[in-house]
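The block underneath contains the structure these notes are about, expressed in structure tokens.
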Amino acid sequence: MHLSVKSLIATPLFYAAAVLASQVPDDASIPAHEAAKASNQSLLWGPYKPNLYFGVRPRIPNSFFAGLMWAKVDNYATAQENFRHTCEQNEGMAGYGWDEYDVRKGGRETIHDAGNSIDLTIDFIKVPGGQHGGSWAARVKGVPRDDAAADQPTTVVFHAGLEGLGSLAVSTESDDPRGIEGDVTIKGYTSELGDFTIDVTTGPTSNEHPEHDHPSYEDKPLDRSLVTSLAVKPEHIWQTKMLLFSQMKKAVDEAIAKYGTDNPPPPAQVYTIDNQPGEGNLHLVQKVFTGAFEFDILFSSGSSQRPLTSEALTREIESASVSFSERFKKILAPQAPFNSEEYLGFSKSMLSNLIGGIGFFHGTDVVDRSAAPEYEEENEGFWEETEEARGRAQPVLEGPKDLFTCVPSRPFFPRGFLWDEGFHLIPILDWDPDLALEIVKSWINLMDEDGWIAREQILGAEARSKVPPEFTVQYPHYANPPTLFMVLEAFIDKLGTKGSAEKYAADNQGLHSVYLTQTELGESFIRSIYPLLKKHYFWYRSTQGGDIKSYDREAFSTKEAYRWRGRSVQHILTSGLDDYPRAQPPHPGELHVDLISWMGMMTRALRRIAEVLGEAEDAEEFKKYETAIERNIDDLHWDTDAKTYCDATIDDYEESVHVCHKGYVSLMPFLTGMVTPDSPRLEAILDLIEDPEELWSDYGIRSLSKQDEFYGTAENYWRSPVWININYLALKNLYDTALAPGPQQARARTTYSKLRKNLVENVFREWKKTGFAWEQYNPESGKGQRTQHFTGWTSLVVKMMSMPDFPASERKGHDEL
């Protein structure tokens, strides 16, 4: 029995883990229920609006949310464009992100806003207690940068809103149009959160506020909080910045009408809101400061019976930092040659930004359910037919749905990506296994009746606002590399490692993994999602199959061949490798070596899961598929002359031929663990990796060989740059080869050590120079490029640093690299 996907989607996520756990056998359901409930309590709150520089919400649909906006307001010409809210590329940032962050305790985010000449530090802390996920608080500090004027005015706006049912009102009484003196208190209630209060404090007495001799100052002194309460349509409430501007426009219009354009009040005074506190579903609390400033935001759950105070927040900030540092050194401490303080700080930041980029999304997505026959891509010229079919399709809104996920990049990709997520969860599985599994489960719950999961999750209007319309539609015949199975296989490794539970408990200072310390719960979790995993697997087999029989191809199996659907002339977006060179022109007889490799990994993982669960018949079935895939990878894709794995296509004479573009695609059998340490193909694979005229660079393995005719051409997305996720797979499998007896063992150790050093040093160097991790790195210069603040799979450097090195005495050969 498995849980109905539709019924699970309809269940509030706060209870989803307990509901899912109830599907396990009766003798395990009670402890699983309690474990899931406790885990949900500690994961309820977080900065789960990663598209904002700072945005907090619970993992509850249509619920409370809060965030910050700010700007330097010393100049009419730039004040409006300087307002920060959503993370944006090229917005005058010298770097931003989490220095330390634990999803269960909180941490510290720093924002170096060069455009506004201000550095912000936001300490976000979670405090358990009560029945509604506990309380939280944020301490906001601003310090002018070196180039700032001594009296630089900065406006900061805290916003709190309610997307659904409940109440939210400012309880601080004030009918003074000049603002509220002292703390501002907002009281609220929802059925899921119970009663709660938010106190926006005045902060220390050292805060200074602008003073002016302009006559308008008597109307609006800026040493008070200005509060506007609004009633906003739920579908528009996420557009907080525009709503703020609409309120400020009133003040601008009034100032111009009263004082004219020749003698306007100072910008800091004009770019303000009216003081109209009361009831509403959106509340704006504005403060205006001169120079450095500090204040606290205290969210107290009514059921905790212990309201938060600034004094308690100070203690919690220190405690969370100490706890994070001690735990990090035990679990993910960088190993030689990266065991220094600067690499330790870098590694902490990269993990913290990965976890601090986790979001909770709720809303509808756009799906094409037309099932047009052209989507089978069976005819020559199919790409033209499919484009025409997409043009006449009428996509529908489905959902609403929920997703708890990491995001690749907060400014550019603030949403869920299926193949990215498996890479995201590799370091998270080490840090917090239960968190990783919670995210896996959230993705699995998105599966439709056929076993399909959309490769890109764009849930709701807010998420869609960041996506060009042509990319919003999802197609139920489109796949993506099934990287979540890498995470599940790694969890099986942890579950089966003797002593792992005790080690994890000792390292985590009370934040135990219930799934590792109580292995029966770990097995129960896997069993609860196992039917859906199988459904997902067989969806791949039925929709992404390739053709062997029609073209008289010789192979061990007549069934194990695969072809990505959704290709165009220049792209296979579904492969994840977008513009990587493929057969020209496209042909329905193509076979893709990267896809059969992913299917091999997926089959192996599912076979191992079946073995753990005692599903002997399933394990035997999957083993047959696995063996056939292993054999067919060689039979269908190894090119003897080129000494590499290649895609296959059909030529003008209806013969099967190889299309060889040496690079990530040709390495994929090795990268997915389908090439064993004793394979006769391994030597040629290492030759390709290590050759600086092919794939090797001082900054990592190139995506395409320098000798390929398409190297660095056209879009050049996957046609030369160094990508950290693929390099991690190379590093992992080199390490596995280096541990196993075989003819390439010593060589693999040398290549592993040098590749690891090149990768980590370059990502660190660019992070230090630019303030950002990047989507990809230039193979000629090492420069970070494309998307900035790409703290998704580039954060795999955390895992790379924590992997051990091999002593020089255990390496030999190929020192010329």
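For reference, each letter of the sequence shown is one residue, going -21 to -1, 1 to 796 in mature numbering (1 follows the signal peptide of the UniProt record, and there is no 0).
For every residue, glycine included, the Cβ atom is placed at its ideal position computed from N, Cα and C.
Bear in mind the structure is a predicted one, so any value in this text is a computation, not a measurement.
For residue i, the residue or residues it bridges with in DSSP
i: Arg434; result: DSSP lists no partner for Arg434.
i: Glu377; result: Asp344
i: His262; result: Ala139 and Ser208
i: Gln255; result: Thr207
i: Trp675; result: Ile680
i: Met72; result: Asp92
i: Gln453; result: Val346
i: Asp268; result: The sequence shown places Phe at residue 268, not Asp. DSSP, once it has assigned bridges, lists Thr133 as partnering Phe268.
i: Glu187; result: Thr269
i: Tyr753; result: According to the sequence displayed, residue 753 carries Trp and not Tyr. Per DSSP, Gln767.
i: Leu382; result: Phe340
i: Tyr541; result: Gly524
i: Ser388; result: Phe392
i: Asp275; result: Arg118
i: Ser280; result: Phe175
Proximity test, residue i beta-carbon vs the ligand NAD heavy atom, cut-off 7 Å
i: Asp626; result: The ligand content of the structure shown is nil, which means the ligand NAD is not present either.
Residue i - DSSP class collapsed to helix/strand/coil
i: Ser760; result: coil
i: Asp618; result: strand
i: Asp6; result: Residue confidence for Asp6 is low, a pLDDT of 33 falling below 50, so the modelled location carries little weight and cannot support an answer.
i: Glu81; result: Looking at the sequence provided, one finds Asp at residue 81 rather than Glu. Reduced to three states, the DSSP call for Asp81 is strand.
i: Val466; result: helix
i: Arg532; result: coil
i: Ser645; result: helix
i: Met782; result: coil
i: Trp115; result: strand
i: Met653; result: coil
i: Ser1; result: Bear in mind that the predicted position of Ser1 carries a pLDDT of just 29, short of 50, making it unreliable; the figure below should be weighed with that in mind. Note: Ser1 maps to coil in three-state DSSP.
i: residue 802; result: Not covered by the structure: residue 802. The range shown for the chain is -21 to 796.
i: Lys28; result: coil
i: Arg394; result: coil
i: Gly121; result: strand
i: Gly475; result: helix
i: Ala583; result: Note on residue identity: the sequence assigns Arg, not Ala, to residue 583. In the structure shown, Arg583 sits in a helix (DSSP, three-state: H, G or I).
i: Tyr250; result: coil
i: Met48; result: strand
i: His637; result: strand
i: Thr219; result: helix
i: Arg610; result: helix
i: Leu500; result: helix
i: Arg660; result: coil
Minimum C-alpha distance to residue i - residue among the options
i: Met578; options: Glu60, Pro460 and Ala752; result: Pro460
i: Pro26; options: Glu60, Thr65 and Ala50; result: Thr65
i: Gln314; options: Gly378, Asn61, Lys602 and Lys778; result: Lys778
i: Tyr454; options: His550, Asp344 and Leu311; result: Asp344
i: Trp746; options: Glu609, Asp427, Tyr322 and Leu500; result: Tyr322
i: residue 799; options: Asp174, Thr89 and Ser331; result: Any property of residue 799 remains undetermined from this structure, which presents the chain solely from -21 to 796.
i: Gly86; options: Leu570, Arg443, Phe307 and Ala752; result: Phe307
i: Tyr80; options: Ile432, Ile104, Gln131 and Gln373; result: Ile104
i: His262; options: Ser300, Ile165, Gly281 and Pro244; result: Ile165
i: residue 834; options: Gly76, Tyr530 and Ile668; result: Here the chain has residues from -21 to 796 only, and residue 834 is not among them.
i: Gln68; options: Arg765, Tyr690 and Val419; result: Arg765
i: Thr451; options: Val742, Thr496, Cys625 and Gly395; result: Gly395
i: Asp614; options: Glu600, Val264, Leu570 and Asp657; result: Leu570
i: Glu539; options: Thr623, Leu574 and Lys220; result: Leu574
i: Asn260; options: Ala458, Val35 and Gly143; result: Gly143
i: Leu556; options: Ala534, Trp702, Glu355 and Gln265; result: Trp702
For residue i, the first and last residue of its enclosing beta strand (DSSP E)
i: Arg38; result: Unbroken run through Arg38: none, as it is neither H nor E.
i: Phe402; result: Note, Phe402: premise wrong, no beta strand (DSSP E); alpha helix (DSSP H) at Leu397 to Trp410.
i: Lys166; result: Val163 to Thr169
i: Ile629; result: Asp626 to Ile629
i: Ser146; result: Ser146 to Val149
Anticipated Cβ contact below 8 Å, residue i with residue j, distance rounded
i: Pro316; j: Lys736; result: 7 Å
i: Gly652; j: Leu683; result: Actually they do not touch by this definition, with Cβ atoms about 22 Å apart.
i: Ala234; j: Ser195; result: 7 Å
i: Glu363; j: Pro567; result: 13 Å between Cβ atoms; not a contact.
i: Ser208; j: Gln131; result: Contact doesn't hold; Cβ gap of about 29 Å is too wide.
i: Pro390; j: Trp772; result: Not quite, the Cβ-Cβ distance comes to about 16 Å (not below 8 Å), so this is no contact.
Bounding residues of the alpha helix (DSSP H) (the contiguous stretch that carries residue i)
i: Lys733; result: Gln724 to Thr749
i: Asp174; result: Per DSSP, Asp174 belongs to no alpha helix (DSSP H); it is in the beta strand (DSSP E), Gly173 to Val179.
i: Leu99; result: Run containing Leu99: none in the alpha helix (DSSP H); it sits in the beta strand (DSSP E), Ile97 to Val106.
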